[in-house]
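K.L.:
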Amino acid sequence: MFMGEYQHTLDGKGRLILPAKIREGLGETFIATRGLDDCLFIYTREEWAALEGKLKQLSLVKPEARAFSRYIFSGAAELEADKQGRVLLPPNLREYAKLEKDVVVIGVASRVEIWDKEAWQKYNERMGPTVEQLSEQLIDFGI
């Protein structure tokens, strides 16, 4: 399980040093793709396989299912950290998430997210007032 929030910076080549705890949990190779809310999603190989299985079960006759599968798979890249713990984020993924220098790496249970620092701050400001409402709705669902 991934958790926590870590402030980091990208170097001039688009490399990110992942926190040691995150690297250990991800394993030798892992998958990055476009996420929701303009961030990147990072999955272990096992979690990626589970997601892939779920997406394969979606009906191909539904345009929404085809669109979501295209979105997730076309943006995916297999990554691995070098000996210094740096990961080269592909240019298309950096561009999608508007990652230039300051980033935030967060653990979200079964995945890791990488955010532009300013975008993460704005997201938190926007979501802060609604968290109580969300928690009440989730409690209604037994969470």
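Numbering of the sequence shown is given in the working numbering, commencing with residue 38 and proceeding in unit increments.
Backbone N, C-alpha and C define an ideal beta-carbon position, used for all residues, glycine too.
Predicted model only: the values in this text are computed from it and were never measured.
(1) Between V130 and D139, what straight-line distance do the alpha-carbon atoms span, to the nearest angstrom?
(2) Excluding the 5 residues preceding and the 5 following R60 in the sequence, name in chain order all residues of the same chain whose CB lies nearer than 8 Å to its CB.
(3) Exposed or buried, T66, counting other C-beta atoms within 10 Å across all chains shown (16 or more means buried)?
(4) Is it the case that the stretch 148-160 contacts the stretch 71-86, given that we only count it when at least three CB pairs across the two stretches are under 8 Å?
(5) My output table needs one value for Q121: the three-state DSSP class, helix, strand or coil.
(6) From the DSSP output, in three-state form, read off Q158 for me.
(7) Do the CB positions of L55 and V142 come within less than 8 Å of each other?
(8) Alpha carbon to alpha carbon, what distance is there between A69 and G62?
(9) Under 8 Å Cβ to Cβ from E137, same chain only, skipping five residues before and after it: list those, please.
(10) Leaving out the 5 sequence neighbours to the left and right, which residues in its chain are closer than 8 Å to L88 when beta-carbon positions are compared?
(11) Just the Cα atoms here: how many angstroms apart are Y133 and A114?
(12) Assign L77 to one of three DSSP states: helix, strand, or coil.
(13) Check whether the Cβ atoms of G51 and L126 sit closer than 8 Å, and answer yes or no.
(14) Taking the Cβ atom as the reference point for each residue, do V124 and L171 lie within a distance shorter than 8 Å?
(15) By DSSP's criteria, P170 is part of a beta bridge. Which residues make up the other side?
P.N.:
Let's see:
(1) Walking along the sequence shown from the start, residue 130 turns up at place 93. Walking along the sequence shown from the start, residue 139 turns up at place 102. Before going on, a small fix: residue 130 reads as Leu here, not Val. Those two C-alpha atoms are separated by around 15 Å.
(2) On the sequence shown, residue 60 is found 23 positions in, with the first residue counted as 1. Excluding positions up to five away in sequence, the list reads A118, G122.
(3) Residue numbering aside, residue 66 sits at position 29 when the sequence shown is read from its first letter. It is exposed - the Cβ of T66 has fewer than 16 other Cβ atoms within 10 Å.
(4) yes
(5) Position 84 of the sequence shown, counted from the first residue, corresponds to residue 121. In the structure shown, Q121 sits in coil (DSSP, three-state: anything other than H, G, I, E or B).
(6) For the purposes of this step, residue 158 is taken as the residue at position 121 of the sequence shown. It is helical.
(7) By 1-based counting over the sequence shown, the position of residue 55 is 18. By 1-based counting over the sequence shown, the position of residue 142 is 105. Going by C-beta atoms, L55 is nearer than 8 Å to V142.
(8) Taking the first residue of the sequence shown as position 1, residue 62 is located at position 25. Taking the first residue of the sequence shown as position 1, residue 69 is located at position 32. Rounded to the nearest whole angstrom, the C-alpha separation of G62 and A69 is 14 Å.
(9) Counted from its first residue, the sequence shown places residue 137 at position 100. Correct list, in chain order: L47, R131, D153.
(10) For the purposes of this step, residue 88 is taken as the residue at position 51 of the sequence shown. Once the five neighbours on either side are set aside, the close Cβ partners of L88 are Y80, I109.
(11) Locating residue 133 in the sequence shown gives position 96, where the first residue counts as 1. Locating residue 114 in the sequence shown gives position 77, where the first residue counts as 1. Using only the alpha carbons, I get a separation of about 13 Å.
(12) Looking up residue 77 in the sequence shown gives position 40. Three-state DSSP puts L77 in a strand.
(13) Within the sequence shown, residue 51 is the residue found at index 14, counting from 1. Within the sequence shown, residue 126 is the residue found at index 89, counting from 1. Yes, the Cβ-Cβ distance between G51 and L126 is below 8 Å.
(14) Against the sequence shown, residue 124 aligns to sequence position 87. Against the sequence shown, residue 171 aligns to sequence position 134. Not in contact: V124 and L171 (Cβ atoms no closer than 8 Å).
(15) For the purposes of this step, residue 170 is taken as the residue at position 133 of the sequence shown. A quick correction: the sequence has Gln, not Pro, at residue 170. Note: Q170 sits in no beta bridge, so no partner.
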